[in-house]
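Residue numbering for the sequence shown follows this note's numbering, starting at 46 and increasing by one per position.
Scroll down for the structure; my scribbles are underneath it.
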Amino acid sequence: MSSYVLVLNCGSSSIKFAIVAVNNGESILSGLAENLGSDNSTLKISHAKTSTSYSLPANCKHESALSSINNILNEYQDLKQKVVAIGHRVVHGGEIFTQATLIDDEVKAAIKNTSHMAPLHNPANLSGIESAQLAFPALQHVAVFDTAFFQTMPKHAYLYALPYELYKTHGIRRYGFHGSSHEFVSTKAAELLNQPLEVSNLITAHLGNGCSITAINQGKAIDTSLGLTPLEGLVMGTRCGDLDPSIPTYMQETLGYSASKVNDLLNKSSGLLGISELSNDCRLLEEQSKNGNELAQLALEIFCYRLAKYIASYMVASGPLDALVFTGGIGENSSFIRQRTIAMLSTLNFSINEQLNEKMRFGHAGFVQQEASHKIIVIPTNEEWVIANKAAKLTLASGEQ
Numbered sequence: 046m047s048s049y050v051l052v053l054n055c056g057s058s059s060i061k062f063a064i065v066a067v068n069n070g071e072s073i074l075s076g077l078a079e080n081l082g083s084d085n086s087t088l089k090i091s092h093a094k095t096s097t098s099y100s101l102p103a104n105c106k107h108e109s110a111l112s113s114i115n116n117i118l119n120e121y122q123d124l125k126q127k128v129v130a131i132g133h134r135v136v137h138g139g140e141i142f143t144q145a146t147l148i149d150d151e152v153k154a155a156i157k158n159t160s161h162m163a164p165l166h167n168p169a170n171l172s173g174i175e176s177a178q179l180a181f182p183a184l185q186h187v188a189v190f191d192t193a194f195f196q197t198m199p200k201h202a203y204l205y206a207l208p209y210e211l212y213k214t215h216g217i218r219r220y221g222f223h224g225s226s227h228e229f230v231s232t233k234a235a236e237l238l239n240q241p242l243e244v245s246n247l248i249t250a251h252l253g254n255g256c257s258i259t260a261i262n263q264g265k266a267i268d269t270s271l272g273l274t275p276l277e278g279l280v281m282g283t284r285c286g287d288l289d290p291s292i293p294t295y296m297q298e299t300l301g302y303s304a305s306k307v308n309d310l311l312n313k314s315s316g317l318l319g320i321s322e323l324s325n326d327c328r329l330l331e332e333q334s335k336n337g338n339e340l341a342q343l344a345l346e347i348f349c350y351r352l353a354k355y356i357a358s359y360m361v362a363s364g365p366l367d368a369l370v371f372t373g374g375i376g377e378n379s380s381f382i383r384q385r386t387i388a389m390l391s392t393l394n395f396s397i398n399e400q401l402n403e404k405m406r407f408g409h410a411g412f413v414q415q416e417a418s419h420k421i422i423v424i425p426t427n428e429e430w431v432i433a434n435k436a437a438k439l440t441l442a443s444g445e446q
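As structure tokens, this is what we get:
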């Protein structure tokens, strides 16, 4: 009999969830509760190619939303009875968590203690955990951390050139995020290359509203672009990525911005949205770019240029490269972003097959390079499957003890 895991991804005002088949990663039922805490909270459930929408009570919080989700899942008893665990995506595990773990009071306290490093994510993750434990008290709950995959990075890659005391006392270092995605696509890339992951040297680029790139040597993460928080590195939908560290101080001291305003600007008003003055949606920017919108063109050019520079630099960390992997909503579906980025890397023996590149989207995986090029692979990510697998294995192991 197939077993299933309920995977929860709780944001500050949303809950994304799916019941995932452990054996093949198929999402049997999925849903999204959004606008939590507002007057128009909604819940959408998708199952067997049909979708149903529900209105949630005004000012609905995580606890009430998860209770509503539980009540609706009661309508799918045959499926619900096969759920063996609940897997929670947790953004930041600091240096405490190097792998998935069964959740107890000590784990919850540790997640709370790392919230200062992911203030937009960890408090929401923790709220979701506590609410889910009330809604699903009979199931084991497992935390799967975005940062765990990157705990193999060497010190020379994860330390900043700051006084060492800041790392020793306050844990200020690069941690990395999107770990479940990079883990999934690196495993799939090794399969497509027909070689063990343990001998594979890869560069994996997760491109969506949030973006990150990771260098993988011999199957292990060696470097990654996101840092202490999910702000460093590549240009993203609304996040700036790398910038001169003096700019926030300049905005505060010269422009009179508050620390809060600077933080909001860098996280919510920058990136593709900030440059284009139009949108953080890459699809709209590509459409407007074709229509001659110069700021849309500029935003996409900066996005690709920054990505190409990172790919080139990460060839130092990866070692002799077996493949470059594109994933995430943009990485999987934007043939333009892939083509433009690869064009900037022609001197490093990257060249794209335009026909294959155009066909590779909407859930398809495969190679898109020309014959003489480094391997270039497009792989749809499945973070939920990674979380489901880890949750099921831990639950099974704890049941055997």
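Where is the CB? At the ideal position from N, CA and C, for every residue including glycine.
Using a 10 angstroms sphere on the CB of F381, the tally of other CB atoms reaches 16 or more, which defines it as buried.
In this chain, the alpha helix (DSSP H) harbouring A155 covers D150 to N158. Considering only F412, I432 and S109, the residue with the shortest C-alpha distance to N54 is I432.
Across the structure, T87 and R134 are spaced so that their CA atoms are roughly 21 Å apart. Between A234 and V370, the C-beta gap is smaller than 7 Å, which places the two residues in contact. K127 sits away from S72, with the two beta carbons spaced by 7 Å or more.
Burial of A362 is indicated by the presence of at least 16 other C-beta atoms within 10 angstroms of its C-beta.
Two segments are said to touch when three or more pairs of C-beta atoms, one from each, lie closer than 8 Å; by this definition the segment 76 to 83 touches the segment 92 to 112. Residue environment for L345: buried (at least 16 other C-beta atoms within 10 angstroms of its C-beta). The beta carbon of N68 sits closer than 7 Å to the beta carbons of S47 from its chain, once the five residues preceding and following it are set aside; these are given in chain order. In the DSSP assignment, E332 falls within the unbroken alpha helix (DSSP H) covering C327 to K335. DSSP lists V135 as the beta-bridge partner residues of F190. Taking the C-beta atoms as reference points, V307 is found nearer than 7 Å to M296. The secondary-structure analysis by DSSP pairs H251 across a beta bridge with S257 and T372.
Distances from the CA of A353 to each of K106, T386, I90 and L330 were compared; the closest alpha carbon is that of T386. With fewer than 16 other Cβ atoms inside 10 Å of its own Cβ, E322 counts as exposed. The three-state reading of DSSP puts V52 in strand, counting E and B together. Between the C-alpha atoms of P208 and I397 there is a straight-line separation of about 43 Å. G373 is a Cβ neighbour of H251, given a cutoff of 7 Å.
The bridge partners DSSP lists for D268 are A260. Bridge partners of E79 according to DSSP: S59 and T87. A residue is called buried once 16 or more other Cβ atoms fall within 10 Å of its Cβ, and E399, having fewer, is exposed. Selection L390, T426, P102 and S303 evaluated against T249 yields T426 as nearest (Cα-Cα). By the neighbour-count criterion, in which 16 or more other beta carbons inside 10 Å mark a residue as buried, V244 falls on the exposed side. For secondary structure counted as the alpha helix (DSSP H) over 4 or more consecutive residues, the segment 275 to 307 holds these complete runs in sequence order: 291 to 298. According to DSSP, Q185 shares a beta bridge with A130. Counting C-beta atoms within 10 angstroms of its own C-beta, L300 has fewer than 16 neighbours from the protein chains shown and is therefore classed as exposed. The secondary-structure analysis by DSSP pairs V65 across a beta bridge with V50 and S72. Annotation for A357: L390 and L393 place their beta carbon closer than 7 Å to its own, counting only its chain and skipping 5 residues before and after.
The residue among T269, P199, I292 and K106 with its C-alpha nearest the C-alpha of G221 is T269.
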